[in-house]
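Engineer:
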Amino acid sequence: MHEEEVLGKAYDAKLMKRMLRYLRPYRWHVVVGIFLSIAVSAMEAVRPYFTKIAVDENISQGDKEGLLITALAFLGVLILRGLVQYFNTYLTQWVGQRTIYDLRMEVFEHLQHRGLKFFDRNPIGRLITRVTNDIEVLNEMFSSGIVMVFSDVFTIIGILYFMFSMNWELALISLSVLPLLFYGTFLFRKKAREAYREVRLQIARINAFMQEHITGMMVDQVFNREEQSFRKFDSINAAHRDANIRSIFYYAVFYPGVDLIGAIAVGLIIWYAGVDALGGSITIGTVMAFLQFNEMFWRPIRDLSEKYNIMQTAMASSERVFKLLDDTTTIADPEKPVQLTDIRGDIEFRNVWFAYNKGTTNEENEWILKNVSFSIQAGQTVAFVGHTGAGKTTIINLLARFYDVQKGEILVDGINIKHVRQSDVRKFISVVLQDVFLFSGDIRSNIGLGDESISEESIKASAQVVGADRFIENLPAKYYEEVKERGSTLSVGQKQLISFARALAHHPRILVLDEATSSVDTESELLIQNAIRKLLQGRTSIVIAHRLSTIQNANKIIVMHKGEIREMGTHQELLTLGGIYYKLYQLQYKEQEIKQAV
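In our numbering, the protein residues as written are 31 to 628.
Structure below.
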């Protein structure tokens, strides 16, 4: 179940105060919008008064000239009201769009600075819902909620003023149905709120399901799960449809109900005023004006009910957005960081303990690394091997400070990386992962990643070194060839080569290869190995590989097993030792013999 289930209060003063903070840069625009709303309300409320003057003073006395003046004045008010309403609508929408732009940028920037642990426990579909649906709901409040409420309120005040100034008894008769309206509105708000909770829950479920199954579409198709996934989505989609239908039902009952209450008020006005008009105590113009006032009175009442719904949904959405903004799952930089302008590339892990799922005590931690200690001298190539889950990739995550260790220290050039800004550490590290991620754009932008300090010549040189230029030069647009989402138009090996060129183009002091050649064919692998021997001179290199044949020339091989270092040495030393590495090597050697025999 998603957190969309809990909506909190229908109105929360703290949340509203926090939302209004985003209007602060545009406060004078809001003030102007409020004054324009008051002007629109005043001109709206005065319209029936022209009817009374035209009937009682002009028509009844046969004053054609006065009737013309009254009609022209009425036309002038309508034209002026239309112009003022145009500027008011444009201004309020402008404020709403600017405010939402600022909020959406703040949320995106906040997401960029979250630690990987945050994304481990937050589904992507839910985060997309925050940045799109929830913020768009706030747009309705900022653009048509806060300022336009003043228009409705002042319209009601203006109507009441003219009604009571004309005939207070008739005004009370018109308002006698208000208790019935308030009771109906109370029931509507309660039911609409429950329906909206269900709608928001189902929207979140649809987003999460779609994100997961579109990403995993290949698995669905390979295992013929389309029908099962279709049935499951049909169930979720039907629940969303039914929740919306229930919400629509309450609206379909409420608005005709308001119209019925308004019709009752009209009947009371005609009954009461008609009798007095026959006796001559109330003029026909007054009756006509009251009928118009009554029709106008219920319109802002309906609008305010809609504004309440907007406010209610905005409170729910703002609560979730602010909960996201208040999340502190991040790796904090030190207040007084050590300046790291350049490094040699010395790395040391000193008694490092780490767990992704931290318990309340050290004994309850699910340790991924246990008392890991090793050192890598600048320019050395060190390989990590071991079974899946041994902790190899975790070492990379800790070195790049995607996570912080629970115990121990990680040193670069003798400096604890906790004392250095994350950006300073990462600018000296390039990583090539097994699962390559490419952005939409072109090949050039995917190698340079928007770094203006990397010239086009450097990009081409990096691609040439790793052999990526062979297939890039054969593309129609070469380095400007369009790359679709996640590089869907490129082969796995081509994406791997682009990722390798990307790492080299940033001139790292520390180069990390995490299964970097596992998806590349034999010819490309040999090409990359030749490039590695040339380019890793003077660079510290960390290689994680299952293919032991690719790491035989490493200065040091570290064997991981269940989060601990079990063996360490060169290729020949570990074979002579006859331990875990020797068994892994013999296993792969036999696999190669079987493949060659086949």
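Just so you know, even glycine gets a beta-carbon here, dropped at the ideal spot from N, CA and C. All values reported here derive from a predicted model rather than from experimental measurement.
Return helix, strand or coil for E35, following the three-state DSSP convention.
Structural biologist: Residue confidence is low: E35 scores 44 on pLDDT, short of 50, so the model does not pin down where it sits. Its coordinate-derived value is still stated next. If DSSP states are grouped into helix, strand and coil, E35 belongs with the helices.
Engineer: Counting C-beta neighbours from all protein chains within 10 Å, is the total for E503 16 or more, i.e. buried, or is it exposed?
Structural biologist: It counts as exposed.
Engineer: Taking the alpha helix (DSSP H) that I528 belongs to, which residues open and close that run?
Structural biologist: I528 -> alpha helix (DSSP H) spans 522-535.
Engineer: Figure out for me which residue from V412, T570, Y213, E242 has the closest Cα to the Cα of S259.
Structural biologist: For S259, the nearest C-alpha among the options comes from E242.
Engineer: Count the C-beta pairs between the region 124-140 and the region 203-211 that are closer than 8 Å, then say yes if the count reaches three, no if not.
Structural biologist: Taking 8 Å as the limit for Cβ pairs, the verdict is that the region 203-211 does not touch the region 124-140.
Engineer: Taking Cβ to Cβ, would you say A413 is nearer than 8 Å to A533?
Structural biologist: No, these two residues do not count as a Cβ contact at 8 Å.
Engineer: Roughly how far, in whole angstroms, is the beta-carbon of R156 from the beta-carbon of A282, given that I think they are within contact range, below 8 Å?
Structural biologist: Actually they are not in contact, since the Cβ atoms of R156 and A282 sit about 31 Å apart, beyond 8 Å.
Engineer: Given that a residue counts as buried once 16 or more other Cβ atoms are within 10 Å of its Cβ, and exposed if not, what is G63?
Structural biologist: Classification of G63: buried, given that the 10 Å Cβ count is 16 or more.
Engineer: Counting only runs of 4+ residues fully inside the region 220-261, write out the alpha helix (DSSP H) ranges in chain order.
Structural biologist: You should have 247-252.
Engineer: In the DSSP assignment, the alpha helix (DSSP H) including K44 goes from what residue to what residue?
Structural biologist: K44 -> alpha helix (DSSP H) spans 43-50.
Engineer: Can you list, in chain order, the residues of its chain with a C-beta nearer than 6 Å to that of D481? Leave out the 5 residues immediately preceding and following it.
Structural biologist: Within the same chain, D481 has no close Cβ partners at all.
Engineer: Beta-carbon within less than 7 Å of Q626's beta-carbon, same chain only, minus the 5 sequence neighbours each way: which residues are those?
Structural biologist: Low local confidence applies: a pLDDT of 47 at Q626 is under 50, so the model's placement there is unreliable, and no value is given.
Engineer: Residues bridged to S475 by DSSP?
Structural biologist: DSSP lists no partner for S475.
Engineer: Grouping DSSP H, G and I as helix and E and B as strand, with all else coil, what is L468?
Structural biologist: Of the three classes helix, strand and coil, the one that applies to L468 here is coil, per DSSP.
Engineer: From this set, K147, L97, P78, N118, which residue's C-alpha is nearest N630's C-alpha?
Structural biologist: Nothing about residue 630 can be read from this structure; the chain reaches only from 31 to 628.
Engineer: May I ask you to report which of helix, strand or coil DSSP gives K82?
Structural biologist: Of the three classes helix, strand and coil, the one that applies to K82 here is helix, per DSSP.
Engineer: With DSSP run on the structure shown, which of helix, strand or coil describes E597?
Structural biologist: It is a strand residue.
Engineer: By how many angstroms is the C-alpha of S347 removed from the C-alpha of E35?
Structural biologist: In this prediction, E35 scores a pLDDT of 44, lower than 50, which makes its location untrustworthy; the coordinate-derived value is nonetheless stated afterwards. Roughly 11 Å separates the two Cα atoms.
Engineer: Quick one: using the 10 Å Cβ neighbour count with 16 as the cut-off for buried, is R431 buried or exposed?
Structural biologist: Its Cβ being crowded by 16 or more others within 10 Å, R431 is buried.
Engineer: In angstroms with no decimal places, state the Cα-to-Cα distance between E33 and Y612.
Structural biologist: Interpretation of E33 is limited by its pLDDT of 47, a score under 50 that renders its predicted location unreliable; the figure taken from the coordinates is listed afterwards. Near 51 Å, if we compare the C-alpha coordinates of Y612 and E33.
Engineer: Compare the beta carbon distance of I631 and I130 with 8 Å and say whether it is the shorter of the two.
Structural biologist: A query on residue 631 cannot be resolved here, the shown segment of the chain reaching from 31 to 628 and no further.
Engineer: Rounded C-beta distance between V542 and I572? I'm assuming under 8 Å.
Structural biologist: That pair is a contact at about 5 Å.
Engineer: Within this structure, are the beta carbons of V296 and N324 separated by less than 8 Å?
Structural biologist: Yes.
Engineer: So is F469 buried or exposed if we call it buried at 16+ other beta carbons inside 10 Å?
Structural biologist: By the 10 Å Cβ count, F469 comes out exposed.
Engineer: Give me, in chain order, the residues of the same chain whose beta-carbon lies closer than 8 Å to that of D93; leave out the 5 immediate sequence neighbours on both sides.
Structural biologist: Once the five neighbours on either side are set aside, the close Cβ partners of D93 are E87.
Engineer: Compute the Euclidean distance between the alpha carbons of L105 and L290, then round it to the nearest angstrom.
Structural biologist: Distance between the alpha carbons of L105 and L290 is about 31 Å.
Engineer: How many angstroms separate the CA atom of I624 from the CA atom of D363?
Structural biologist: Confidence at I624 is low in this model, with a pLDDT of 47, below 50, so its placement is unreliable and the value that follows should be read with caution. Their Cα atoms are separated by approximately 52 Å.
Engineer: Can you give me the C-alpha to C-alpha distance between T215 and S335, rounded to a whole angstrom?
Structural biologist: So the two alpha carbons sit approximately 7 Å from each other.
Engineer: Apart from the five residues just before and just after N197, which ones in its own chain have a Cβ nearer than 7 Å to its Cβ?
Structural biologist: Excluding positions up to five away in sequence, the list reads I312, T316.
Engineer: Would you check if the distance between the CB atom of I440 and the CB atom of V382 is smaller than 8 Å?
Structural biologist: Yes, these two residues count as a Cβ contact at 8 Å.
Engineer: Can you give me the Cβ contacts of M598 inside the same chain, cut-off strictly under 6 Å, excluding the 5 residues immediately before and after it?
Structural biologist: So the qualifying residues of the chain are I588.
Engineer: Just the C-alpha distance for Y615 and K262, rounded to the nearest angstrom, thanks.
Structural biologist: Their Cα atoms are separated by approximately 46 Å.
Engineer: Going straight from the alpha carbon of E74 to that of T81, what length do you get?
Structural biologist: Roughly 13 Å between the two C-alpha positions.
Engineer: Would you please state the rounded distance, in angstroms, between the beta carbons of K525 and Y509? I believe it to be under 8 Å.
Structural biologist: Going by Cβ atoms, the distance from K525 to Y509 rounds to 15 Å, so no, they are not a contact pair.
Engineer: Would you kindly work out how many angstroms separate the C-alpha atoms of T371 and K457, rounded to a whole number?
Structural biologist: Those two C-alpha atoms are separated by around 10 Å.
Engineer: Whole angstroms are fine: how far does the CA of R134 sit from the CA of T600?
Structural biologist: Roughly 52 Å between the two C-alpha positions.
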